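This report concerns only the one structure given below.
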Amino acid sequence: MGVEEEEGAINGGEEGPGLAAAPHDRWVLLRPAQGSARPSARYKHAAEVVQDKLYVVGGSRNGRSLSDVQVFDFRTSKWSALLLSPSRDSNQLNLENNAGNQPFPALASHSMVEWRNMLLVVAGNSRASTSNKVSVWFIDLETNSWSAVDTYGKVPMARGGQSVTLVGSRLIMFGGEDNKRRLLSDLHVLDLETMIWEEVKTEKGGPAPRYDHSAAVYAEHYLLIFGGSSHSTCFNDLYLLDLQTLEWSQPDTQGAHITPRSGHAGMMIDEDWYIVGGGDNASGSTDTIVMNASKFVWSVVTSVSVRDPLACEGLTLCSTTVDGEKFLIAFGGYNGKYNNEIFVMKPKPRNFVQPRLFQSPAAAAAAASVKAAYAAITATDEKTKDIVATDDLDVKRAEPGSSSKEMVAEIDALNGEKGELESRLAEVRTENSKLKDKLDVVKLSHNELTKELRSVENQLAAEGSRCQKLESQIAAAHKRLESASSLENELEALQQQISQAEQTMTTSQRRKSGGVWKWVGGSAEVSDNE
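Going by our numbering, the letters in the sequence shown line up with residues 5 to 534, in that order.
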């Protein structure tokens, strides 16, 4: 059942019971107290619950980044704006931050965690920033002040759409998209005690570069990465990093089939990782899913309609505890229109079948891949035999007494267990049928790709033959050019010989002409003497 604003809503403040009225495993709208103005609708913001208050920082709306800090008090169910002033005694990254009442930077696609009653804001897209390095800000909730913090070491490049998780006093940042829209898959750790960044080199086999994914830490020992996008493709893969050995693994999961998504939000409660929202570049994800982090079992908690505000991208998911009960808090997002509503859900305690110890990534992945369906089928067959044998007993003929009552109770328990096992077996068979259908689709796609590959190979062979013909024609042309060059040399030599011959003839003619004139002149002298 999804979120219906009319029927699935609870009132906060004096008008209603607030979070206490939220049902199990179903999203409901939490209306603020009467007269409380809602903040601007937005997405790609950051949110965190601190001491019964939901803090919403920044975000994006209509292509414009926001710089406000909005606060929702779960005790009064009222919204209010938190007015921040720059901290005077802090180390600012930029000197202009110290001037006047400079507002908190306008940010989108940033990350935020709680640290010592302060909000730690990391990275994000900001048009006002001129730095190509990741920025870090503190929001002090006691003094209502903010400060940009100097960090040291190997500071990562600026980015948005990254994931940030807190492990003790270390902040782990993975992936994202830099200012030039280049996708990242790097891993960096910020020591909050020293404010020193360190780039962590992991073993090969980690996630592909991505942004708008989700991350969580389990047992202070393992980093989980799920989904995300690479501009053209959305992912539904799950990666696990052992924070001690720095080895990546991709464990096999059981349970429900999870569709690809990015821009979703996640929250770890105990060992259950809840994922809500997101999309696949075509439509929003309508299901809220949960994965047991110690058993790698996915299940669908609830679903909403396609046009529901929760079937959106860029929302946030937080958790809070009221009277010993834990609640999930979703806010904001975009699915064709911007959202500024709060939705709450009370998670039902889950008891996943086949418990196992959380081991190393390799052992966990191997264990998950072995026990998918056959264990359930085998267990069902054995239980069914026992139940059938028990059902053959004629309980009605037994004499009344404690043993008969115990037997009836035991049979009822076995029947209940039988129904549960049969339901599990039906789910396994349904999943197997889906996998077979997917395998058929993959085979068909493989055959089509094989045909296309052969066609390309034939085209390449034809092009190769054509290239060989062109090469032989080029070689013949080179030979003709060489013969033409030799003919030019011979022609030049003949021209030189002709030139020399012409010069020789000219010289001879001049000599002959000079002798005649000399003879004529000599004859004249002889006549005069006579």
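Note that CB positions come from ideal geometry on N, CA and C, so glycine has one too. Everything numeric in this text was worked out from a predicted model, so none of it was measured.
Select from the options the residue whose C-alpha is nearest the C-alpha of residue i.
{"i": "K184", "options": "R163, V171, I176 and A481", "result": "R163"}
{"i": "A112", "options": "P160, V61 and Q74", "result": "V61"}
{"i": "Y156", "options": "Q166, V138, N148 and T510", "result": "V138"}
{"i": "L70", "options": "A45, S91 and D56", "result": "A45"}
{"i": "W302", "options": "G288, Y278, S323 and T324", "result": "Y278"}
{"i": "T80", "options": "H49, T306, G328 and G22", "result": "G22"}
{"i": "P107", "options": "E52, S91, V75 and Y338", "result": "S91"}
{"i": "K341", "options": "R65, A24, P27 and S234", "result": "R65"}
{"i": "A212", "options": "E197, S173 and W252", "result": "W252"}
{"i": "L87", "options": "Q38, W150, L321 and L485", "result": "W150"}
{"i": "V117", "options": "L321, S307, S234 and V304", "result": "L321"}
{"i": "S40", "options": "S449, I478, H28 and D77", "result": "D77"}
{"i": "I333", "options": "C471, D444, L457 and I273", "result": "I273"}
{"i": "D535", "options": "R174, M161, I200 and M199", "result": "Since the displayed the chain opens at 5 and closes at 534, residue 535 lies outside it and no answer follows."}
{"i": "Q38", "options": "W83, E424 and A152", "result": "W83"}
{"i": "A223", "options": "E197, M349 and L170", "result": "L170"}
{"i": "S307", "options": "I262, L474, Q472 and S234", "result": "I262"}
Give the DSSP bridge partners of residue i, in chain order.
{"i": "S71", "result": "None, per the DSSP bridge assignment."}
{"i": "P90", "result": "W150"}
{"i": "V115", "result": "Per the sequence presented here, residue 115 reads as Ser, with Val not at that position. The partner list for S115 (beta bridge, DSSP) reads V126."}
{"i": "V168", "result": "M177"}
{"i": "G468", "result": "DSSP lists no partner for G468."}
{"i": "E435", "result": "In DSSP, E435 forms no bridge with anything."}
{"i": "V348", "result": "V32 and I333"}
{"i": "I273", "result": "D276"}
{"i": "R46", "result": "N343"}
{"i": "H192", "result": "M177 and E203"}
{"i": "K137", "result": "M161"}
{"i": "L228", "result": "A220 and L244"}
{"i": "G423", "result": "DSSP output for G423 lists no bridge partner at all."}
{"i": "H268", "result": "G281"}
Could you give the DSSP three-state label for residue i: helix, strand or coil?
{"i": "N296", "result": "strand"}
{"i": "I262", "result": "coil"}
{"i": "E2", "result": "The first residue shown for the chain is 5 and the last is 534, placing residue 2 beyond what the model contains."}
{"i": "R185", "result": "coil"}
{"i": "T206", "result": "coil"}
{"i": "S233", "result": "strand"}
{"i": "P109", "result": "coil"}
{"i": "A13", "result": "strand"}
{"i": "V221", "result": "strand"}
{"i": "S253", "result": "strand"}
{"i": "E2", "result": "The first residue shown for the chain is 5 and the last is 534, placing residue 2 beyond what the model contains."}
{"i": "N343", "result": "strand"}
{"i": "G39", "result": "coil"}
{"i": "A488", "result": "helix"}
{"i": "A393", "result": "Because the pLDDT at A393 is just 41, under 50, the model does not fix this residue reliably, and the point stays unresolved."}
{"i": "A380", "result": "Because A380 sits at a pLDDT of 42, beneath the cut-off of 50, its placement in the model cannot be relied upon, and the point is left open."}
{"i": "R458", "result": "helix"}
{"i": "V159", "result": "coil"}
{"i": "G22", "result": "helix"}
{"i": "R428", "result": "helix"}
{"i": "D312", "result": "coil"}
{"i": "D416", "result": "helix"}
{"i": "D291", "result": "strand"}
{"i": "L77", "result": "Sequence check: residue 77 is Asp here, not Leu. Three-state result, D77: strand."}
{"i": "D441", "result": "helix"}
Please list the terminal residues of the continuous beta strand (DSSP E) segment that includes residue i.
{"i": "N199", "result": "A quick correction: the sequence has Met, not Asn, at residue 199. Looking at the DSSP string, M199 is not in any beta strand (DSSP E), and its letter there is neither H nor E."}
{"i": "C322", "result": "T320 to V326"}
{"i": "K57", "result": "K57 to R65"}
{"i": "T306", "result": "V301 to S307"}
{"i": "A50", "result": "A50 to V54"}
{"i": "R35", "result": "V32 to R35"}
{"i": "S84", "result": "K82 to A85"}
{"i": "F142", "result": "V140 to D144"}
{"i": "L245", "result": "C238 to D246"}
For the ligand SAM, is there a heavy atom less than 7 Å away from the beta-carbon of residue i?
{"i": "S266", "result": "This structure does not include the ligand SAM; it has no bound ligands of any sort."}
At least one CB of chain C closer than 8 Å to the CB of residue i: is that the case?
{"i": "F347", "result": "Looking for chain C here will not work: only one protein chain is present."}
Item to check | the region 165-178 contacting the region 226-245, beta-carbon criterion three pairs below 8 Å | outcome: yes
Checklist entry - Looking at C-beta atoms only, is the number of pairs between the region 307-315 and the region 288-296 that lie closer than 8 Å three or more? => result yes
Item to check | Sufficient close CB pairs (3 or more, under 8 Å) joining the region 118-127 to the region 30-40 | outcome: no
Item to check | Sufficient close CB pairs (3 or more, under 8 Å) joining the region 143-150 to the region 187-197 | outcome: no
Checklist entry - Should the region 204-214 be called in touch with the region 267-274, which here means at least 3 C-beta pairs below 8 Å? => result no
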